[in-house]
Amino acid sequence: MFEKLGRLAVRRSKMVLVIFIVAMLGAGAVGLSVFGKLDSGGYSNPNSESMKVWNYFKDNLKTRDAGVILVVDGKKKSVNDPAVVADALSLEKEVAKVPGVKSTLSYWTSGNQPTMVSKDGNAAYLLVYTNSDDYAKVGEIGKNIQSKFDGEYKSLRVYASGNGVITSAINGRIAKDLALAESISIPMTFVLLLFVFGALIASAMPLFVGVFSILGAFFILLLITKVTTVSVFALNLVTGMGLGLGIDYSLLMVNRFREELHHGKEVADAIVTTVKTAGKTVFYSGLTVAVTLGSMVVFPQAFLKSFGYAGVSVVIIAIISAIFPLPALMMILGHRVDKFVIRKSGITPKADGRWAQTARYVMRKPVTVVMLSLLILAVIAAPIKNIVFSQLDARVLPKSDKAAIAYQEMSQRFPGQESSPIEILIIGGAKSVTNEALTKYVSDIEKTPGIVRVLPQTIGNDIRIQAIQSMGSRTVEARHLIHQLRKLDAPKGAMIGGVAADFTDSQDGTAKALPWAFGWIAISVLILIFIFTGSVLLPIKAVLLNVLSLAATLGALTWIFIDGHLKWLVGDFTVTGTLDTGTTILVAVVVFGLSMDYELFLLSRIKEEHFAGRNNFDSVAIGLQRSARIITAAALLLAAVFAAFMTSGVTAIKMMGFGTAFAVLLDATLIRAL
Numbered sequence: 003m004f005e006k007l008g009r010l011a012v013r014r015s016k017m018v019l020v021i022f023i024v025a026m027l028g029a030g031a032v033g034l035s036v037f038g039k040l041d042s043g044g045y046s047n048p049n050s051e052s053m054k055v056w057n058y059f060k061d062n063l064k065t066r067d068a069g070v071i072l073v074v075d076g077k078k079k080s081v082n083d084p085a086v087v088a089d090a091l092s093l094e095k096e097v098a099k100v101p102g103v104k105s106t107l108s109y110w111t112s113g114n115q116p117t118m119v120s121k122d123g124n125a126a127y128l129l130v131y132t133n134s135d136d137y138a139k140v141g142e143i144g145k146n147i148q149s150k151f152d153g154e155y156k157s158l159r160v161y162a163s164g165n166g167v168i169t170s171a172i173n174g175r176i177a178k179d180l181a182l183a184e185s186i187s188i189p190m191t192f193v194l195l196l197f198v199f200g201a202l203i204a205s206a207m208p209l210f211v212g213v214f215s216i217l218g219a220f221f222i223l224l225l226i227t228k229v230t231t232v233s234v235f236a237l238n239l240v241t242g243m244g245l246g247l248g249i250d251y252s253l254l255m256v257n258r259f260r261e262e263l264h265h266g267k268e269v270a271d272a273i274v275t276t277v278k279t280a281g282k283t284v285f286y287s288g289l290t291v292a293v294t295l296g297s298m299v300v301f302p303q304a305f306l307k308s309f310g311y312a313g314v315s316v317v318i319i320a321i322i323s324a325i326f327p328l329p330a331l332m333m334i335l336g337h338r339v340d341k342f343v344i345r346k347s348g349i350t351p352k353a354d355g356r357w358a359q360t361a362r363y364v365m366r367k368p369v370t371v372v373m374l375s376l377l378i379l380a381v382i383a384a385p386i387k388n389i390v391f392s393q394l395d396a397r398v399l400p401k402s403d404k405a406a407i408a409y410q411e412m413s414q415r416f417p418g419q420e421s422s423p424i425e426i427l428i429i430g431g432a433k434s435v436t437n438e439a440l441t442k443y444v445s446d447i448e449k450t451p452g453i454v455r456v457l458p459q460t461i462g463n464d465i466r467i468q469a470i471q472s473m474g475s476r477t478v479e480a481r482h483l484i485h486q487l488r489k490l491d492a493p494k495g496a497m498i499g500g501v502a503a504d505f506t507d508s509q510d511g512t513a514k515a516l517p518w519a520f521g522w523i524a525i526s527v528l529i530l531i532f533i534f535t536g537s538v539l540l541p542i543k544a545v546l547l548n549v550l551s552l553a554a555t556l557g558a559l560t561w562i563f564i565d566g567h568l569k570w571l572v573g574d575f576t577v578t579g580t581l582d583t584g585t586t587i588l589v590a591v592v593v594f595g596l597s598m599d600y601e602l603f604l605l606s607r608i609k610e611e612h613f614a615g616r617n618n619f620d621s622v623a624i625g626l627q628r629s630a631r632i633i634t635a636a637a638l639l640l641a642a643v644f645a646a647f648m649t650s651g652v653t654a655i656k657m658m659g660f661g662t663a664f665a666v667l668l669d670a671t672l673i674r675a676l
């Protein structure tokens, strides 16, 4: 099949190239409209108990959580001081006039509820309810309120927080940070490409594959948005993976094409050999990356599913770009692929060199090298024992961000999570639950460690119980509390919702899906590598090596982002004692996929040398010499792309950048070379 594709690229090079470029430009022109159709939410488990409570409140009781929370500080004056009261009521009237605000409720308009006052008595809550529960719209309202009121207001100091403000702050900062990262990574990548390829024309090849991969993926994502929700964060994966795979696959294809030319083959024959060998490797390595990223669709959250959709889309287009139009372009260029030489040593790959010498040394002392390598990996992976998972909150923002400052005010000065209570719903409970049973249940809730206050109320035929907890809603402690509450002897039909329950259900849903995702990856990768190599042992070896690489990466992430080390390298961040679950899964899956990419690059060349008649020793040495240069160059380039994300002020993006860059460099050096 691949030989036929190579001959097609030779015979119909111009036609293949023109059709592909026109198709991708058309797809890109249409696909760019996907930007307006992406969702900024999708973190909840849609089939969970907490989501059922949320939907019932929204659809039947017409209630929802406050989208924006204002902390109104009297500046050392009591919240009951006449001047503070007058200014607070004036503030509330102005906030109520903001477009999108449905209603407001504050300490001063709720009958002076004591639970809405800070511990020092000098600050109180003003809760803002919005007309919409759409993440994007609530975020816009939050941004508007923050810009107008966060700061000095008459005699007051106002702090703006809540989901709307935090979502807007995180998304806005990510957009700015990614623009900065791209302004750094793209020029740096092109300079590195010039160094690696040694010639200007060849250096443009990865951009050809990368740009069209991104445009094609945008079009596929647009089609997916017609049937399901796609997260806006999927775009980050599309751009990063598109450029990264463009580099990987172009390096492999162009390097092999040049190698064949330098062996004296005609351009047409060089193209056919390149597609038959490197093209086949690209196809299988791309499939392994695609099935690895595709595992994310088993998670219940739309946020994580979106990375699966985006990853598979961009990989498919990258494979097509590398084995169809790229050979056609090389056919048209011919020997001009080496035009405009920048570095002569980058033009002609050596048949023997440092990598072959390294391989021979390693094979002469295999046990020693394996033990030493395992020891290094074990040391790097050791901190993984402290790993704890949570979800994004305002602490991922820089400490100087207004939303982060407001979050700190709320956390430090208020005794409970009054603005985001645990919501317990008993549908039809007013008729089905006796007073004795309800009283006992409320008493059991009050006795549960971590509960500050319980407020039961009857709404029509339903019973609603609000339980105010002492800890943050998206914390490990809150998850434990929800589990404890669900173990209580509750009236029939009782369901627990609210932000803490939503967080718990999301984390639990992820934990349940992980074995399925890992099973998907392991089985599909084992099958694909078996088909590619014909070996039973090599696929098992590949998976085990990738697990070691992944463990070391998670250990490094734990050491830095949980234990708080290496801030001089990755930049300052707030140590929360946890890793964001979604970001960690994304890093793990991307790292596993890219590691398998490099594994197949290496195995394909060793296998080719072995089938050419060389013994095992020489096959490995020459195979490493021919492929390690490509692997390390690709890893260096890819690491540069992702390392630029460490300039972000958002901890999750910083973590993704460091984790991916560290993993690909570790994999291309210690794992593949030793």
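Using our numbering, you'd call the opening residue of the sequence shown number 3 and step up by one each time.
Glycine included, each C-beta is placed from N, C-alpha and C at the ideal position.
Computed from a prediction, not measured in an experiment: that's the story for all the values here.
Straight-line gap, residue i to residue j (C-alpha atoms, nearest Å)
i, j, result
"residue 138", "residue 182", "23 Å"
"residue 85", "residue 91", "10 Å"
"residue 349", "residue 332", "A caution first: residue 349 carries a pLDDT of 47, below 50, which makes its placement in the model unreliable, though a value can still be read off. Cα to Cα, residue 349 sits roughly 15 Å from residue 332."
"residue 370", "residue 254", "31 Å"
"residue 10", "residue 277", "10 Å"
"residue 569", "residue 657", "12 Å"
"residue 168", "residue 141", "8 Å"
"residue 244", "residue 324", "12 Å"
"residue 680", "residue 269", "The structure shown does not extend to residue 680, since the chain is modelled only from 3 to 676, so the question has no answer here."
"residue 422", "residue 438", "28 Å"
"residue 117", "residue 417", "8 Å"
"residue 457", "residue 469", "6 Å"
"residue 638", "residue 667", "7 Å"
"residue 22", "residue 575", "44 Å"
"residue 645", "residue 447", "47 Å"
"residue 266", "residue 337", "11 Å"
"residue 256", "residue 633", "13 Å"
"residue 155", "residue 162", "12 Å"
"residue 260", "residue 566", "46 Å"
Those residues which DSSP pairs with residue i across a bridge
i, result
"residue 153", "160"
"residue 599", "Answer is none; residue 599 lacks a bridge partner."
"residue 217", "None, per the DSSP bridge assignment."
"residue 585", "Beta-bridge pairing links residue 585 to no other residue."
"residue 689", "Because the chain in this structure spans residues 3 to 676, residue 689 falls outside the shown range and cannot be described."
"residue 74", "126, 160"
"residue 500", "424"
Option in the options with minimal Cα separation from residue i
i, options, result
"residue 619", "363, 189, 81, 113", "363"
"residue 475", "649, 443, 57, 413", "413"
"residue 433", "403, 528, 470, 495", "495"
"residue 358", "96, 66, 146, 611", "611"
"residue 587", "559, 604, 123, 601", "559"
"residue 147", "206, 123, 70", "70"
"residue 427", "471, 532, 459, 406", "459"
"residue 143", "614, 227, 72", "72"
"residue 174", "235, 188, 128, 380", "235"
"residue 34", "420, 482, 219", "219"
"residue 67", "79, 40, 106, 82", "106"
"residue 288", "321, 300, 263", "321"
"residue 527", "515, 540, 516", "540"
"residue 290", "398, 531, 397", "531"
"residue 674", "533, 605, 654", "605"
"residue 186", "665, 635, 643", "643"
Query raised in the report: Which runs of the beta strand (DSSP E) spanning at least 3 residues fall entirely within the region 90-130, listed in chain order?
Result: 103-108
**Report entry** contact_flag[the region 592-600, the region 567-581] where n(CB pairs < 8 Å) is 3 or more
**Finding:** no
Query raised in the report: What beta strand (DSSP E) runs, 3 residues minimum, are completely inside the region 414-491?
Result: 424-428, 453-461, 464-471
Query raised in the report: With contact counted as at least three CB pairs below 8 Å, one residue from each stretch, are the region 435-450 and the region 480-493 in contact?
Result: yes
Query raised in the report: Taking one C-beta from the region 457-470 and one from the region 419-439 each time, how about it: are there three or more such pairs within less than 8 Å?
Result: yes
Query - Validate contact between the region 304-317 and the region 42-58 using beta carbons, cut 8 Å, 3 pairs - result: yes
Report task. Could you tell me whether the region 639-651 touches the region 378-396, using the rule of 3 or more Cβ pairs below 8 Å? Result -> no
**Report entry** Length at least 3, wholly inside the region 504-551: the beta strand (DSSP E) runs in chain order
**Finding:** none
Query raised in the report: If you pair each beta-carbon of the region 400-410 with each one of the region 107-114, do three or more pairs fall below 8 Å?
Result: no
Query raised in the report: Which runs of the alpha helix (DSSP H), 4 residues or longer, sit entirely within the region 348-413?
Result: 356-366, 368-383
Report task. Take every Cβ of the region 206-223, pair it with every Cβ of the region 280-287, and state whether three or more of those distances are shorter than 8 Å. Result -> no
**Report entry** alpha helix (DSSP H) runs wholly inside the region 185-263, at least 4 long, in chain order
**Finding:** 202-205, 207-227
Requested in this report: Let me know the alpha helix (DSSP H) ranges lying completely inside the region 277-335, each 4 residues or longer, listed in chain order.
Outcome: 282-296, 304-325, 327-335
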